[in-house]
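J.: Counting along the sequence shown from 1, when you hit position 20 you're at 19 in numbering that gives the first Met the number 0, and nothing is skipped either side. Sharing a structure with you now.
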Amino acid sequence: MVLGLLHDQATYLKGVGYLIFYNVVFVLPLAIILLMASDGALLEKVRAWQQKENRLMRFGGGVAMIILGAIIFLI
0 MVLGLLHDQA TYLKGVGYLI FYNVVFVLPL AIILLMASDG ALLEKVRAWQ QKENRLMRFG
60 GGVAMIILGA IIFLI
């Protein structure tokens, strides 16, 4: 769809706008996550936090699964 907009001169700017929007919404967060995942010091802090808060994380994950199951059941 966007490539078709880029093909026509009248809708070229609209197509470029959609491409910029796509990159900001989808690609930029993935790039930020990749940069965060490549930082060894940050990963070590996350691992230490996970070990410290293991019970809380398991409880939160269980509650999230129950809520998602209820939502799926009701829809």
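C-beta atoms are modelled at their ideal positions from N, C-alpha and C, and glycine is treated no differently.
(1) Given L67, which residues of its chain have a CB within under 8 Å of its CB, disregarding the five upstream and five downstream residues?
(2) Considering just the uninterrupted stretch of the alpha helix (DSSP H) at F72, what are its terminal residues?
(3) First and last residue of the alpha helix (DSSP H) that includes F20?
T.: Looking at the atomic coordinates:
(1) none
(2) N53 to L73
(3) Y11 to Y21
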